[in-house]
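Residue numbers 5 to 322, in my numbering, belong to the letters of the sequence shown in order. Virtual Cβ for every residue (Gly too), placed ideally from N, Cα, C. Here the structure is a predicted model, which is why all the values come from computation and not from measurement.
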Amino acid sequence: MKAITLSKNGDIENLIVKEVARPNLQPGEVLIQTKALSVNPVDNFVRAYSQAMETYLQPVPGEDIIIGWDVAGVVTETGAAVKGLKKGDEVFGLIKFPGNGKGYAGYVAAPADQLASKPSNISFEEAAAATLAALTAWQSLVTYGKVQKGEKVLIHAAAGGVGHFAVQLAKYLGAYVIGTASGANREFVLSLGADEFIDYTKEKFEEKIKDADLVLDPIAGDHVLRSLDAVRPGGRVITLLSYFEGPIAEKARAKDIFTHRLDVVSNGEDQRHIAALLEKGALRTRISETFSFDEMGKAHQQIATGKTRGKIAVKVDF
């Protein structure tokens, strides 16, 4: 089968299309013929940096290094212990994250319990893009954030992959939603359901917002210190890239704020919740650009800009 392998860490020219053997199935796995993939910032980091590769990919010595976790496709084979899925089923999910998902391939071996059925009203591209990013939003706002109706939720990078799902999800949960992004994304963020928009290039959000019940902050570094100023005493702050230590931890304790740095993990039950929201139109994947499988390098370059609106997808049609 065709796959994109990583010859070594570095630039996009190290992503090499080659023929590799189809994966062998474990009893609890299904074999998916890949129809679409999605690319996230973590894919870019894993490609570029060996430390990120060891942390997230956990490659097996002697095997081809194949990045990728966001997959949608058709079941072609089922393991002996699989129940509830059969050949011909259309599925999607975040595969073995963190771990050796090997998503950039024509066929992917996936644990059946990490998958959801693809709703018939969405494309494979829309499904593939509603995996890692959508699960991050779900686990941030539902699993750990426990957002309740009527609460005020501040979402940073609201036009991005995680952010655009988070705005929609928080609104679905009944929250008053404030999104931050650059001014060029104002209408996009408001179209997602945000009640209020803050242009971070012109305004300091912590001067406008002092009483958020929850802040979702996906930005690295000490940006979270400003988010702590925007949340009420006793509120919650969920981060994706910042750690709660040193002055950050001290500030959070002083305001009695619940804090959590999210490490998203594959979770079929969560994925099925997302599938249900997609099916009834409460959640929509916004895809700004679609690449072919052979254009994976261009997809990585786009993600590296940090300016992708919504998601990008990769179509697999061979």
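Query, Result
"S42 - DSSP class collapsed to helix/strand/coil", "strand"
"Inside the stretch 155-241 only - alpha helix (DSSP H) runs reaching at least 4 residues", "165-176, 190-195, 209-212, 227-234"
"Bridge-paired residues (DSSP) for Q37", "V78, Y111"
"Unbroken beta strand (DSSP E) run spanning T332, endpoints", "Summary: the structure shown does not reach residue 332, with the chain confined to residues 5 through 322, and so no result is reported for it."
"Reference T135; option with closest CA among E17, L229, G77, H160", "G77"
"Segments assigned beta strand (DSSP E), at least 3 residues, entirely inside the stretch 57-106", "74-82, 94-98"
"Straight-line Cα distance separating S292 from T9", "25 angstroms"
"Pairwise C-alpha distance: F262 and R236", "11 angstroms"
"Distance, V79 Cα to P31 Cα", "14 angstroms"
"Nearest-angstrom Cα separation, counted from I69 out to G14", "13 angstroms"
"Span separating the alpha-carbon of T243 from that of V171", "15 angstroms"
"Endpoints, alpha helix (DSSP H) assigned at F128", "128-132"
"Contact set for I44: own chain, Cβ-Cβ below 6 angstroms, skip 5 residues either direction", "The residue you asked about is not Ile; residue 44 is Asn in the sequence shown. Hits under 6 angstroms: L136."
"Contact check, W73 vs L89, beta carbons under 7 angstroms", "no"
"Close Cβ partners of G187 (< 8 angstroms) along its chain, the five nearest in sequence each way excluded", "D203, T205, K206"
"Collapsed DSSP secondary structure at E23 in the structure displayed", "strand"
"Alpha-carbon spacing of D233 relative to R257, whole angstroms", "12 angstroms"
"Distance between beta carbons of V318 and F295, contact taken as under 8 angstroms", "5 angstroms"
"Coil, strand or helix - A303 by DSSP", "helix"
"Integer Cβ distance of N189 from R313, believed to fall under 8 angstroms", "6 angstroms"
"Cβ pair L41, A114 closer than 7 angstroms", "no"
"Cα-Cα separation, Q37 to G110", "6 angstroms"
"Span separating the alpha-carbon of V166 from that of H160", "10 angstroms"
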